[in-house]
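Going down the list, the protein sequences come from chains S and G. Residues 1 to 392, numbered by our numbering, are exactly what the first sequence covers, in order. Residues 393 to 784, numbered by our numbering, are exactly what the second sequence covers, in order. Glycine included, C-beta positions come from ideal geometry on N, C-alpha and C.
There are 2 protein chains.
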Amino acid sequence: MYTADFVSELQSRKEKIVTALRKVSADAILLTDNANLYYMSGRVFCGYAYVPVEGRILYFVRRPVGLRGDNVVYIRKPEQMAEELRRREVPWPSTLLLEGDSLPFNEYNRLAEIFAPAQVLGSGTALIRQVRAVKTPYEIALLRKSAASHDTMYRRIPKLYKEGMTDVEFSFEIERLARQHGCLGIFRTFGRSMEIFMGNVLSGENADTPSPYDFAMGGAGLDNSLPVGANGSVIRRGETVMVDMNGNFTGYMTDLSRVFSLGQLPAEAHHAHQVSLSIQQAIQRMARPGVATAELYAKAAETAEAEGVSDFFMGHRQKAHFVGHGIGIEVNELPVLALRSKEVLEEGMVFALEPKFVIPSVGPVGIENTFLVTAEGVEKLTTCDEAILPLD
Amino acid sequence: MYTADFVSELQSRKEKIVTALRKVSADAILLTDNANLYYMSGRVFCGYAYVPVEGRILYFVRRPVGLRGDNVVYIRKPEQMAEELRRREVPWPSTLLLEGDSLPFNEYNRLAEIFAPAQVLGSGTALIRQVRAVKTPYEIALLRKSAASHDTMYRRIPKLYKEGMTDVEFSFEIERLARQHGCLGIFRTFGRSMEIFMGNVLSGENADTPSPYDFAMGGAGLDNSLPVGANGSVIRRGETVMVDMNGNFTGYMTDLSRVFSLGQLPAEAHHAHQVSLSIQQAIQRMARPGVATAELYAKAAETAEAEGVSDFFMGHRQKAHFVGHGIGIEVNELPVLALRSKEVLEEGMVFALEPKFVIPSVGPVGIENTFLVTAEGVEKLTTCDEAILPLD
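In structure tokens, the structure reads:
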């Protein structure tokens with residue numbers, strides 16, 4: 001099923017999971033979420049990955065037909081997993097973790113019954129999210145590849161603008177540009193409440209419209225069924241446009257926002273943009289393994305306060321309560337850079353830092369980049385020009 | 393918060409839910425899923441809609457700020473729902489339904505505890521899906537609007553093709569066309585395993601690649617993280633291209649597939665396409681309120697068998713086991729047109745019918761249209777040309 005390289009990669013991922021399972025005295029975890037199946041097998045399939053502390057991973061597959069491997073078992077219903085474990089004389093787990101934060105209640109209960117009399121715990125999501133927060137060199141290579149494509153496509157954005165365009169018209173061109181550069185389109189989010197299409201193109205007053213979603217920025221969107229992002233307003237002189245477009249070029253996403261301007265902007269917009277760059281610089285200096293992400297958030301908020309722009313920091317009418325977030329297979333992984341976050345940076349973590357400001361009647365300013373935590377500090381993976389770039 | 397029109401629409405939706413709740417002797421349902429919140433309020437928000445048999449709907453909102461109404465209650469955490477129910481002296485439910493097929497296990501348990509000592513049941517998803525299967529005139533108007541935009545945009549597809557294009561290049565142009573016609577982009581699916589970007593553009597041999605998803609058609613996709621749809625193959629002479637692109641123009645989706653050809657096709661491709669049209673015609677004649685959807689599936693499968701093309705029916709290497717599905721806010725609503733389906737057509741149901749065939753080394757043929765169940769039969773909502781249209 002896989003190249004030798006990927007077999008050893010899977011082995012190292014499995015070891016990380018086993019270490020985490022041992023810490024909580026669990027014998028196995030059953031993964032079912034698409035993001036986790038992709039992590040544990042290198043491809044999305046419909047089924048389950050049974051990952052025991054002792055023994056091999058078993059892949060229970062419903063679809064697609066045609067996967068091969070002596071640890072690939074085709075099933076029609078989940079109850080067949082129990083038959084197969086017995087047939088293979090796999091030791092029955094005493095304690096099994098399930099993905100309690102993504103598996104629906106009814107499906108969880110059905111799975112828990114299948115593994116009776118095991119003690120079944122719903123802390124599997126928390127465990128796998130902790131593991132996935134620290135990327136392997138293989139994953140980092142995919143993130144670098146996404147970052148490179150993301151950068152290249154962003155450099156071409158200004159050329160897409162034509163006078164009189166609405167925010168959505170500009171967005172359609174950027175979406176196509178992204179796809180032409182290899183963007184897979186799909187924007188994977190964790191959590192049942194998050195929805196977005198390919199990303200946000202926010203200009204002028206619309207940037208100050210609160211949205212239901214826990215993204216850094218809002219916008220009214222085109223319809224109440226998806227109230228976020230561009231809303232069809234003409235981009236006007238004296239306004240900014242922030243482009244925060246999907247960086248999923250490899251199955252691993254980078255996050256990148258840049259601001260463009262039409263005509264002259266008021267001084268306060270330029271000032272707030274500079275504060276965003278200062279925050280990034282300060283955090284780049286502080287961030288290294290062992291640093292609490294809450295400290296990074298505090299530094300960002302303090303800087304905004306000291307510079308007199310806290311009213312606009314991370315939104316205006318509605319504020320996001322974080323300044324950064326882990327990213328990888330999903331856009332909202334661990335760690336979270338927030339005031340109440342308990343997480344500490346580790347080497348191999350990858351996070352997006354997005355100190356942003358919404359200036360009423362002007363639009364959003366600030367930047368977003370994706371950073372890798374290295375042994376000594378952080379490395380910026382997305383590197384295109386950070387200035388406010390004129391569209392005219 | 394709403395126009396008078398929409399208040400009466402919400403009232404009629406609520407009445408349908410109350411009727412369904414009474415049938416199972418439940419006192420209330422708590423809705424939290426985005427599709428259901430949109431159904432129950434006319435907009436997506438982050439929070440909960442508490443829908444009791446007796447008394448008014450209460451909207452518990454976490455985000456966005458700014459919603460107004462004397463039944464809108466802002467909360468920071470779900471436990472505040474209980475405080476508010478007590479404050480308003482709302483009768484405590486004896487039996488409460490939760491969305492057991494979409495609420496994650498851990499969140500479900502937290503909500504169940506909040507409503508203790510109520511008996512909490514996980515059958516809320518099944519109930520609301522039954523209710524949503526029968527559309528109101530207001531919803532049907534939105535589906536008609538989506539169908540009209542969907543048709544208009546499909547008529548322009550052949551002009552987008554340029555010689556030598558790959559399937560993905562063709563797809564990027566169709567995606568932009570859809571967006572320019574008002575497509576919201578987001579493709580809402582029910583169930584944790586379903587993922588797709590904007591739709592499928594499948595040509596030639598790639599159409600026979602099995603996918604992990606329960607869509608009618610497969611395709612390898614561009615990456616193992618989203619193994620479905622176009623895979624970057626050049627569209628060759630003698631091949632077909634099936635376009636099955638997102639029809640979400642209003643929050644309510646229509647489903648529509650058409651086939652295009654490059655050069656001459658073998659006779660078996662034309663024959664299978666004609667069988668698809670015959671199946672549609674037969675089902676149009678049979679379908680009316682009271683007819684079992686399993687009978688419609690059986691008729692489709694029998695026709696394919698009688699015409700000698702059952703090997704290619706609904707896929708070849710991997711087959712889909714349905715020939716149609718309900719559609720509305722999500723692409724996979726009730727009823728399902730499948731062999732084991734227990735559902736019976738009712739006036740107001742809307743379903744996509746997609747008798748499709750995959751001809752190895754040629755590609756997919758067949759069609760898909762969206763139908764409304766009327767008092768006497770069915771009405772086809774999507775009406776663009778059903779012939780195989782040449783790209784050259």
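Quiz item: Straight-line CA distance for Ala116 (chain S) to Ala220 (chain S)?
Solution: 48 Å
Self-check item: Opening and closing residue of the alpha helix (DSSP H) in which Pro444 (chain G) lies
Solution: That residue, Pro444 (chain G), is in no alpha helix (DSSP H); its beta strand (DSSP E) goes Cys438 to Pro444.
Quiz item: In angstroms, rounded to a whole number, what distance separates the CA positions of Ala539 (chain G) and Asn592 (chain G)?
Solution: 18 Å
Quiz item: Nearest-angstrom Cα distance between Ser257 (chain S) and Gly315 (chain S)?
Solution: 15 Å
Quiz item: Excluding the five sequence neighbours on either side, which residues of its own chain have a C-beta within less than 8 Å of the C-beta of Ser233 (chain S), listed in chain order?
Solution: Thr166, Asp167, Ser203, Gly204, Glu205 and Asn206
Quiz item: Residues bridged to Asn592 (chain G) by DSSP?
Solution: G:Asp636
Self-check item: Interface flag, Thr250 (chain S) vs chain G, CB-CB below 9 Å
Solution: yes
Quiz item: chain S beta carbons: is any one of them nearer than 9 Å to that of Met473 (chain G)?
Solution: Met473 (chain G) does not count as touching chain S.
Practice problem: Give the residues of chain G in contact with Met314 (chain S), contact being defined as C-beta atoms less than 8 Å apart. | Solution: Within chain G, no residue comes near Met314 (chain S); the closest Cβ sits about 14 Å away, beyond 8 Å.
Quiz item: Is there at least one Cβ from chain S nearer than 9 Å to Ile719 (chain G)'s Cβ?
Solution: Answer no: the Cβ-Cβ gap between Ile719 (chain G) and chain S never drops below 9 Å.
Practice problem: For Ala28 (chain S), count neighbouring Cβ atoms within 10 angstroms of its own Cβ and tell me buried if that reaches 16, exposed if not. | Solution: buried
Quiz item: By how many angstroms is the C-alpha of Ala292 (chain S) removed from the C-alpha of Lys342 (chain S)?
Solution: In this structure, the alpha-carbon of Lys342 (chain S) lies about 7 Å from that of Ala292 (chain S).
Exercise. Give a yes or no on whether the C-beta atoms belonging to Gly348 (chain S) and Val336 (chain S) are separated by under 9 Å.
Key: no
Quiz item: Under the rule that 16 or more other beta-carbon atoms within 10 Å means buried, what is Ser361 (chain S), buried or exposed?
Solution: exposed
Exercise. Tell me whether Lys16 (chain S) sits in a helix, a strand or coil according to DSSP, three-state version.
Key: helix
Self-check item: Residue-level contact to chain G via CB, Val168 (chain S), 9 Å cutoff
Solution: yes
Quiz item: When you compare each of G:Cys575, G:Asn761 and G:Ala767 to Ala779 (chain G) by their alpha carbons, which one comes out closest?
Solution: G:Asn761
Quiz item: Relative to the C-alpha of Pro470 (chain G), which residue among G:Val526, G:Ile506 and G:Val770 is closest?
Solution: G:Ile506
Quiz item: So Tyr451 (chain G) and Val436 (chain G) are in contact, right, with Cβ under 8 Å, and what is the actual spacing, rounded?
Solution: About 12 Å; that fails the 8 Å criterion.
Practice problem: Identify the contact partners of Tyr605 (chain G) in chain S, using a Cβ-Cβ distance below 8 Å as the criterion. | Solution: Result: Cys46 and Arg63.
Exercise. Check the Cβ-Cβ distances between Gly348 (chain S) and every residue of chain G, and say whether any is below 9 Å.
Key: Residue-level contact check: Gly348 (chain S) does not touch chain G, since none of the beta carbons of chain G fall below 9 Å from its beta carbon.
Quiz item: Mind checking whether Ala510 (chain G) and Thr544 (chain G) have CB atoms under 9 Å apart?
Solution: No, these two residues do not count as a Cβ contact at 9 Å.
Practice problem: Express the C-alpha separation of Arg288 (chain S) and Glu376 (chain S) in angstroms, rounding to a whole number. | Solution: 6 Å
Exercise. Can you tell me which of S:Arg155, S:Ala298 and S:Phe190 puts its alpha carbon nearest to the alpha carbon of Val243 (chain S)?
Key: S:Arg155
Quiz item: Whose CA, out of S:Ser193, S:Ser225, S:Asp223 and S:Asn224, lies closest to the CA of Tyr213 (chain S)?
Solution: S:Ser193
Practice problem: Could you round the C-beta distance between Phe607 (chain G) and Val620 (chain G) to whole angstroms and report it? I think they count as a contact, below 8 Å. | Solution: Indeed they touch by this definition, with Cβ atoms about 7 Å apart.
Exercise. Using only alpha-carbon positions, find the residue among G:Tyr644, G:Arg628, G:Gln676 and G:Ala693 that is nearest to Leu783 (chain G).
Key: G:Arg628
Quiz prompt | Continuous beta strand (DSSP E) stretch holding Ala420 (chain G): start and end | solution = Counting along the chain, Ala420 (chain G) sits inside the beta strand (DSSP E) bounded by residues Ala420 to Leu423.
Quiz item: Which residue spans inside the segment 653-725 of chain G form an unbroken beta strand (DSSP E) run of at least 3?
Solution: 714-718
Quiz item: Which class does Thr166 (chain S) belong to by DSSP, given the choice of helix, strand or coil?
Solution: strand
Exercise. Could you tell me whether any Cβ in chain S is nearer than 9 Å to the Cβ of Phe652 (chain G)?
Key: no
Quiz item: Which of the residues in the segment 614-631 of chain G, read from start to end, lie with their CB under 7 Å from any CB of chain S?
Solution: Leu614, Asp615, Asn616, Ser617, Leu618 and Pro619
Quiz prompt | At least 3 beta-carbon pairs within less than 8 Å: the segment 404-424 of chain G vs the segment 486-503 of chain G | solution = Counting Cβ pairs under 8 Å, three or more are found: they touch.
Quiz prompt | Within 7 Å of chain G by C-beta, residues of the segment 176-192 of chain S in sequence order | solution = Arg176, Arg179, Gln180, Leu184, Gly185, Ile186 and Arg192
Quiz item: chain G beta carbons: is any one of them nearer than 9 Å to that of Gln284 (chain S)?
Solution: no
Exercise. May I have the straight-line CA-CA distance separating Pro496 (chain G) from Glu107 (chain S), to the nearest angstrom?
Key: 9 Å
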